[in-house]
Amino acid sequence: MSGRRILLLGHPVEHSLSPAFQQAAFDSIGLPVKYEAMDVAPADLARVVAELRADPLVMGANVTVPHKEKIGPLLDSLIDDAVQIGAVNTITRAGSRLVGRNTDAAGFRGALDGLLDGRRTPRHALVLGAGGAAKAAISALVTAGVAQISIANRHLARAERLVAEVRKASPHLTVRAAPWHEGLLVEEAQIAGLVVHATTLGLNGGALPLPAAAFRAGQFVIDVVYAPGETALVRTARAAGAEAIDGREMLLLQGAAAFELWTGRPAPIAVMREAFDTAAKQNAK
Ligand code: NDP
């Protein structure tokens, strides 16, 4: 009996699918680790991080809304994508030190590669949103070889700040901010070979960020939002002939990357996928 634990820190966390698919992964390879969701109010975050650091049985954690950006300064170091994206979704332990990392870009890249299935990365991408998920997606798009990115956000100033960051990190890229105006977004989407939706719209059904006219055959669409069944954006894009996926693969693959960081072992993806789908069906009831 080891008592080793991995925690999911968020607020709220009760609907997260991560405990189901991470626990299935640990169980399937016989590692005695308990993956537990922990609802942490923002005011308690610093205390909880100090408690994790002091408990050597806590091997690490995942971090979700609303703590991804706030938790960085409470950790002992940040590495790799956590620095570039400015958000932490995974914590690993190095002795008594807690290290912040980000596997969302790796998850997005895996989802993109699955969608493209060996076909060439489109040169021009439109990204809707300028928050943490958009940053992770853009980081992955840069490594995937996209040459031109338009970033559209409801608050244009936030898109402009992100454009400045991306230009600094990747001067070879053509990147620009686009206003959140339906007519302009349709035009931008139509010329983009890849459309990425990374806002919170559509989380609980609700309004579509892009109308059907934005989509066409020969276009790839990734909605980072995950909702049981297909998201309305994915349905609309597919109906117009585009190849579209929702946030399921990204979610699974960011989890698989975190699992590999904690354990140093290959993630049992098939087991995780099956547990994810079973839990998603139960959540939808
Ligand atoms: P953030 O809070 O960092 O960013 C939210 C984004 O949504 C901003 O661009 C914001 O625009 C925009 N937004 C919010 N409300 C509206 C609205 N009414 N109309 C238009 N835009 C709006 O969130 P994240 O980036 O962390 O998360 C975004 C989505 O990505 C969530 O649905 C989350 O669940 C999903 N996600 C999925 C992952 C996966 O693995 N599949 C991983 C991480 C996130 P503004 O700046 O103008 O407020």
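Numbering (this note's numbering), first residue to last: 257 to 541. Don't be surprised by glycine CBs; every beta carbon is placed ideally from N, CA and C. Bear in mind that the values here come from a model prediction, so they are computed numbers and not experimental data.
query, result
"Would DSSP call PRO435 helix, strand or coil?", "strand"
"Quick test of your reading: ALA386 and LEU397, contact by CB under 8 Å. State the CB separation rounded to the nearest angstrom.", "Between LEU397 and ALA386 the Cβ distance is about 14 Å, and since that is not below 8 Å, they are no contact."
"Would you decide whether ILE347 is buried or exposed? Buried here means 16 or more other CB atoms lie within 10 Å of its CB.", "buried"
"Give me the Cβ distance between LEU457 and ALA463, rounded to the nearest whole Å; I'm assuming they're in contact under 8 Å.", "6 Å"
"How big is the Cα-Cα spacing for MET257 and ALA536?", "Unreliable positioning characterises MET257 in this predicted model, as indicated by a pLDDT of 44, which lies under 50. The coordinate reading is nonetheless provided below. When rounded, the distance between both Cα atoms is 30 Å."
"Among all the DSSP beta bridges, which residues are the ones paired with LYS290?", "ARG261"
"What separation, rounded to the nearest whole angstrom, lies between the Cα atoms of ARG521 and ARG349?", "16 Å"
"So ALA390 packs on VAL383, CB below 8 Å; how close in whole Å?", "5 Å"
"Is the beta carbon of ILE407 sitting closer than 8 Å to the one on ALA433?", "yes"
"Can you list the alpha helix (DSSP H) stretches of 4 or more residues lying completely in the stretch 328–411, in chain order?", "337–341, 360–372, 388–400"
"Let me check understanding here. Comparing Cα to Cα, which of GLY374, ALA512, PRO322, THR519 lies closest to ASP360?", "ALA512"
"Can you tell me whether DSSP reads PHE277 as helix, strand or coil?", "helix"
"Does the stretch 284–293 come close enough to the stretch 328–348 to have 3 or more Cβ pairs within less than 8 Å?", "no"
"Residues in its own chain within less than 8 Å of ARG472 by CB, not counting five upstream and five downstream?", "GLN446, ALA496, GLY497, ALA498"
"Does DSSP put ILE478 in a helix, in a strand, or in coil?", "strand"
"Measuring only the C-alpha atoms, how far is GLY370 from ALA297?", "36 Å"
"Just grab the DSSP bridge partners of HIS453 for me.", "LEU384, ASP479"
"Let me check one thing: in DSSP terms, what residues is VAL319 bridge-paired to?", "LEU265"
"What separation, rounded to the nearest whole angstrom, lies between the Cα atoms of SER274 and ASP295?", "14 Å"
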